[in-house]
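Residue numbers (the numbering used here): 14 to 203.
One structure is given here, and the rest of the page talks about it.
Here it is, written out as structure tokens:
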């Protein structure tokens with residue numbers, strides 16, 4: 014599949030679930046951007062797992078099951094927090110070398126939370142390694158997917174950033190569909 018296919022699938026899914034995904038995304042953004050940095054740091058990993066579980070549930074079952082939003086707060090909470098911190102730390106350290114290695118590693122680690130959503134039993138470092146393995150040979154495809162939204166980014170910027178609120182569900186559902194495609198290519202995860 015190419016970027017156009019992922020965007021098309023996401024657009025079809027958004028026709029039914031757009032407003033739900035928009036609200037879920039806004040809540041996640043509020044948690045991650047929490048003014049109490051420690052609270053945001055602690056809640057971001059589990060909240061991200063819940064939001065990804067919600068997106069994947071829409072893709073897989075075409076239903077609006079909001080119970081999965083709490084998936085990150087059940088079971089492996091500490092692993093999700095550690096994964097969020099480690100992933101951010103690793104990207105930051107790679108960025109210290111130069112910006113380009115940081116960008117490349119951010120694409121390598123992009124599927125970490127998707128993998129943890131499907132395999133909560135994995136340790137955070139295992140999930141990061143699996144993401145690197147899964148993205149080997151596919152980082153450019155993910156970059157092209159993000160770049161395919163360039164026209165939308167420009168339009169959102171012309172609205173003084175307000176348009177990004179409405180654009181984000183479209184981008185994130187496209188990335189979730191990208192993950193589903195990658196998962197079918199790589200049959201087995203540790």
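All residues carry an ideal CB built from backbone N, CA and C; glycine is no exception.
Note that the structure is predicted; figures quoted are calculated from it, not measured.
Can you tell me where the alpha helix (DSSP H) holding residue i begins and where it ends?
i           : result
residue 149 : Run containing residue 149: none; DSSP gives neither H nor E here.
residue 57  : 50 to 74
residue 42  : 16 to 45
residue 182 : 175 to 198
residue 92  : 90 to 110
residue 3   : Since the first residue of the chain shown is 14 and the last is 203, residue 3 is not available in this structure.
For residue i, does the three-state DSSP call read helix, strand or coil?
i           : result
residue 203 : Below a pLDDT of 50, predicted positions are generally treated as unreliable, and residue 203, at 46, falls in that range; the measurement from the model is reported next regardless. Reduced to three states, the DSSP call for residue 203 is coil.
residue 123 : coil
residue 87  : coil
residue 143 : helix
residue 133 : coil
residue 80  : helix
Given a threshold of 16 other Cβ atoms within 10 Å of its Cβ, counted over all protein chains shown, does residue i qualify as buried or as exposed?
i           : result
residue 113 : exposed
residue 87  : exposed
residue 164 : exposed
residue 74  : exposed
residue 24  : exposed
residue 107 : buried
residue 183 : buried
residue 203 : Low confidence applies to residue 203: its pLDDT is 46, below 50, so where it sits in the model is not reliable enough to give any reading.
residue 52  : exposed
Could you say which of the options lies nearest to residue i if we only look at CA atoms?
i           : options            : result
residue 168 : 157, 181, 158, 156 : 181
residue 140 : 148, 150, 129, 149 : 129
residue 11  : 150, 56, 100       : In the structure as shown, the chain starts at 14 and stops at 203, and residue 11 therefore has no counterpart that could be examined.
residue 179 : 15, 195, 17, 27    : 27
residue 99  : 117, 54, 198, 83   : 54
residue 14  : 174, 177, 151, 175 : 151
residue 35  : 195, 177, 197, 193 : 177
residue 85  : 123, 42, 116, 131  : 131
Quick one: measure Cβ to Cβ for residue i and residue j, integer angstroms, because I've assumed they're closer than 8 angstroms.
i           : j           : result
residue 93  : residue 81  : With 8 angstroms as the limit, residue 93 and residue 81 do not qualify as a contact, their Cβ atoms being about 14 angstroms apart.
residue 30  : residue 62  : In fact, because the Cβ distance is near 19 angstroms, the residues do not count as touching under 8 angstroms.
residue 133 : residue 96  : Actually they do not touch by this definition, with Cβ atoms about 10 angstroms apart.
residue 191 : residue 155 : 6 angstroms
residue 148 : residue 120 : 6 angstroms
residue 20  : residue 187 : 5 angstroms
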